[in-house]
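J.: Residue numbers (our numbering): 30 to 653.
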């Protein structure tokens with residue numbers, strides 16, 4: 030049977046909110062579901078489940094609403110949570126769930142069969158469900174794309190994650206939905222800390238970027254070295270305890286491979302007589318400086334984003350190579366000067382992911398992992414001594430709350446949560462780069478899929494034909510060219526941004542204060558059509574129009590303090606309700622205006638301080 034096209038109302042929402050789901054439904058074609066089918070009855074469409082020669086209604090024989098009510102009555106839900114449901118069905122149980130649960134409860138529906146979901150969307154208008162901001166959807170194989178929207182849930186402030194079984198649909202493929210359940214929880218537990226770090230460091234990132242601009246505006250980009258070193262092996266140095274065992278090996282192969290480390294093991298290498306070809310830092314926070322304390326920098330080049338901790342950038346001044354982190358301030362700099370926008374580098378959880386991606390940019394076809402244990406040793410050690418982590422006493426870890434995973438030479442090794450995130454990041458990256466050979470020297474570390482363990486003898490033979498000198502020469506040439514570049518007037522370049530943010534501050538502050546001045550009587554229902562309220566609602570269009578007038582400048586404003594303010598705003602408005610919907614909308618708008626005003630005020634002070642060279646007190650006082 031040929032499946033009708035997706036209903037226009039459903040497709041319009043699907044394309045906007047769930048493009049990956051839409052893509053998978055388009056791939057289905059005219060294939061129908063093997064497990065379920067719809068049948069027209071006197072009361073409309075009815076969903077049936079096949080069981081061999083038998084069939085039965087998914088929502089019960091007589092009154093589907095009773096089955097749904099019984100299901101909902103057995104649920105004990107926590108506020109501010111994300112719940113996963115097995116099976117989309119005809120969407121009726123999902124709509125009831127959202128109607129009967131608190132506004133801070135989010136719902137993720139997993140539908141195993143894209144063909145069934147496509148058929149549902151071609152027959153039943155569920156556009157209101159799809160458009161609900163608390164609802165999220167996945168179908169098909171539970172991969173990263175499947176759970177992409179969980180990031181939005183994390184930003185919405187969900188505190189817990191759990192799953193719910195809706196029995197008739199769960200029974201179609203219990204193993205699939207069990208995998209979905211486990212993967213959803215894992216993905217959320219991985220994503221949420223990263224989101225929290227991103228939000229927590231947003232202020233630092235913008236402060237650092239504006240402070241680093243004068244030093245880095247003329248710096249070369251890592252992409253200028255792209256695909257030039259296919260025949261030179263790449264050694265990625267981590268700060269795991271196996272680095273102690275690898276020192277002699279590294280000394281013997283220093284001239285055969287490009288040796289790159291993060292700030293964490295840098296001191297260990299230098300104090301052991303090993304000079305890396307490049308050191309990488311990415312964290313915007315001050316603790317990263319520890320790796321460079323009381324140790325010679327000896328003309329070693331640094332790779333870093335514009336958001337790196339400024340003191341580190343100053344210490345390596347003149348020998349810094351940069352990359353693009355989708356930083357809107359850098360994007361504006363590049364766009365308004367005509368400079369190449371730069372090369373994007375992966376930043377996911379650990380600076381070692383940046384180092385790994387740099388190997389891709391350079392075009393190296395052999396990558397050797399050293400000190401990437403990703404596991405805790407039996408003595409509790411998980412970082413090498415004489416590293417940045419050693420300063421804080423964190424080279425030993427508790428082995429509580431870990432999972433035991435396959436090791437390189439041991440059957441199982443203990444892996445705690447943060448190391449697990451690193452492990453999965455590496456595995457995902459390696460899987461996406463099959464053209465590269467990866468090997469791992471961490472004898473007692475965790476097994477990294479795609480990077481089999483090698484002994485030192487095997488590794489030496491593997492890289493013996495390499496020569497790192499072309500890389501060193503190429504870097505030196507880039508830094509010579511850097512000194513010939515003309516200076517850039519940063520204040521002039523960012524003048525449009527300053528004017529844009531000043532307008533945002535003026536309009537949002539005026540709107541927020543106007544709402545604050547409204548008497549309490551306007552919250553009453555009989556004032557819902559009052560002209561004064563309508564005037565204030567019109568202000569929203571004015572502010573929104575200003576926000577939308579420059580995507581680039583809005584991105585700059587958003588990616589600072591405004592990000593945290595708007596996340597808090599989203600959490601606040603979930604609890605705003607009133608029978609007078611107009612009043613409730615105005616109250617939500619007020620919180621939005623305050624969030625914008627706070628973010629804009631902070632940014633303008635920062636702009637004046639760093640690009641107009643005023644003191645911090647002078648800069649902030651101007652906008653007080």
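No residue lacks a Cβ here, since even glycine has one placed at the ideal position from N, Cα and C.
Can residue 115 and residue 139 be called in contact, C-beta distance under 8 Å?
T.: Contact: yes.
J.: If the criterion is Cβ atoms closer than 8 Å, does the pair residue 349 and residue 396 meet it?
T.: Contact: no.
J.: Residue 272 and residue 289 - do their beta-carbons sit closer together than 8 Å?
T.: It is not a contact, given that the beta carbons lie outside the stated cut-off.
J.: Span of the alpha helix (DSSP H) holding residue 91?
T.: Taken as a continuous stretch (DSSP letters only), residue 91 belongs to no alpha helix (DSSP H), as it is neither H nor E.
J.: Count the other CB atoms, across all protein chains shown, that sit within 10 Å of the CB of residue 523; report buried if there are 16 or more and exposed otherwise.
T.: Buried, since its Cβ has 16 or more Cβ neighbours within 10 Å.
J.: Tell me the residue span of the alpha helix (DSSP H) that contains residue 277.
T.: Residues 276-282.
J.: Report buried or exposed for residue 55, applying the criterion of at least 16 other Cβ atoms within 10 angstroms of its Cβ.
T.: Exposed, since its Cβ has fewer than 16 Cβ neighbours within 10 Å.
J.: Quick check: what's the CA-CA separation for residue 380 versus residue 313?
T.: Looking at the two C-alpha atoms, the distance is approximately 11 Å.
J.: With 16 as the cutoff for other CB atoms within 10 Å, does residue 487 come out buried or exposed?
T.: Flag for residue 487 reads exposed.
J.: Apply the 10 Å Cβ neighbour rule to residue 509 and answer buried if 16 or more other Cβ atoms are within range, or exposed otherwise.
T.: The residue in question, residue 509, is exposed, as its Cβ has fewer than 16 Cβ neighbours within 10 Å.
J.: Return helix, strand or coil for residue 325, following the three-state DSSP convention.
T.: DSSP places residue 325 in coil when its eight states are reduced to three.
J.: Between the alpha carbons of residue 474 and residue 449, how many angstroms are there, rounded?
T.: Their backbone Cα atoms lie some 12 Å apart in a straight line.
J.: What is the rounded straight-line gap between the Cα of residue 208 and the Cα of residue 191?
T.: Taking the straight line from one Cα to the other gives about 13 Å.
J.: Can you tell me where the alpha helix (DSSP H) holding residue 508 begins and where it ends?
T.: Run containing residue 508: 498-511, per the alpha helix (DSSP H) assignment.
J.: Exposed or buried, residue 332, counting other C-beta atoms within 10 Å across all chains shown (16 or more means buried)?
T.: Residue 332 comes out buried.
J.: Exposed or buried, what is residue 518 when buried is set at 16 or more other beta-carbons lying within 10 Å of its beta-carbon?
T.: Looking at its Cβ environment, which holds fewer than 16 other Cβ atoms inside 10 Å, residue 518 is exposed.
J.: Classify residue 576 as helix, strand or coil using the three-state DSSP reduction.
T.: Residue 576 falls in the helix class under three-state DSSP.
J.: Could you check which residue in 389, 584, 499 and 562 has the C-alpha nearest to that of residue 546?
T.: Taking only the C-alpha atoms, the option nearest residue 546 is 562.
J.: With burial defined as no fewer than 16 other Cβ atoms inside 10 Å of the residue's Cβ, what is the status of residue 534: buried or exposed?
T.: Classification for residue 534: buried.
J.: Starting from the C-beta of residue 598, find all residues in its chain whose C-beta is less than 7 Å away, skip the five residues before and the five after it, and write them out in chain order.
T.: Counting only Cβ-Cβ distances below 7 Å, and skipping sequence neighbours, we find 620, 621 and 624.
J.: In the DSSP assignment, find the beta strand (DSSP E) that holds residue 550 and state where it starts and stops.
T.: First-last for residue 550: undefined, no H or E at that position.
J.: Drop a sphere of 10 angstroms on the beta-carbon of residue 143, count the other beta-carbons inside from all chains shown, and report buried for 16 or more, exposed for fewer.
T.: Per the 10 Å Cβ criterion, buried.
J.: Could you tell me whether the region 158-170 touches the region 40-50, using the rule of 3 or more Cβ pairs below 8 Å?
T.: The region 158-170, when compared against the region 40-50, does touch it at the 8 Å Cβ threshold.
J.: Does residue 521 come out as helix, strand or coil in the three-state DSSP assignment?
T.: Here residue 521 sits in helix by DSSP.
J.: Which whole-angstrom value is the C-beta distance of residue 250 and residue 351, which I expect to be below 8 Å?
T.: Going by Cβ atoms, the distance from residue 250 to residue 351 rounds to 6 Å, so yes, they are a contact pair.
J.: Any contact of the region 399-407 with the region 433-453, i.e. 3+ C-beta pairs under 8 Å?
T.: Yes, they touch.
J.: By DSSP's criteria, residue 79 is part of a beta bridge. Which residues make up the other side?
T.: Its beta-bridge partners are 84.
J.: Is the CB-CB distance between residue 239 and residue 358 below 8 Å?
T.: Yes, the Cβ-Cβ distance between residue 239 and residue 358 is below 8 Å.
J.: Pull up the distance between the alpha-carbon of residue 235 and that of residue 63, whole angstroms please.
T.: Cα to Cα, the separation comes out at about 53 Å.
J.: What is the rounded straight-line gap between the Cα of residue 263 and the Cα of residue 340?
T.: Going from the Cα of residue 263 to the Cα of residue 340 covers about 28 Å.
J.: Spatial neighbours of residue 335 within its chain, please: C-beta separation below 8 Å, excluding the five flanking residues on both sides.
T.: Excluding residues within five positions, the ones whose Cβ falls inside 8 Å are 237, 238, 241, 242, 245, 351, 354, 356, 358 and 359.
J.: Decide yes or no for the touch test of the region 568-578 against the region 528-544: beta carbon pairs closer than 8 Å, at least 3 of them.
T.: As far as the Cβ criterion goes, the region 568-578 touches the region 528-544, which means the pair count is three or higher.
J.: On the three-state DSSP scale, how would you describe residue 339?
T.: Three-state DSSP puts residue 339 in a helix.
J.: For residue 125, which residues from the same chain have a beta carbon less than 6 Å from its beta carbon, with the 5 sequence-adjacent residues on both sides left out?
T.: Cβ within range, chain order: 97.
J.: Confirm the yes/no value for this check: CB of residue 320, any heavy atom of the ligand HEM, distance under 7 Å.
T.: With respect to small molecules bound, the structure shown includes none, and the ligand HEM cannot be examined in it.
J.: Could you check if residue 39 is buried or exposed, using at least 16 other CB atoms within 10 Å of its CB as the buried criterion?
T.: Under this definition residue 39 is a buried residue.
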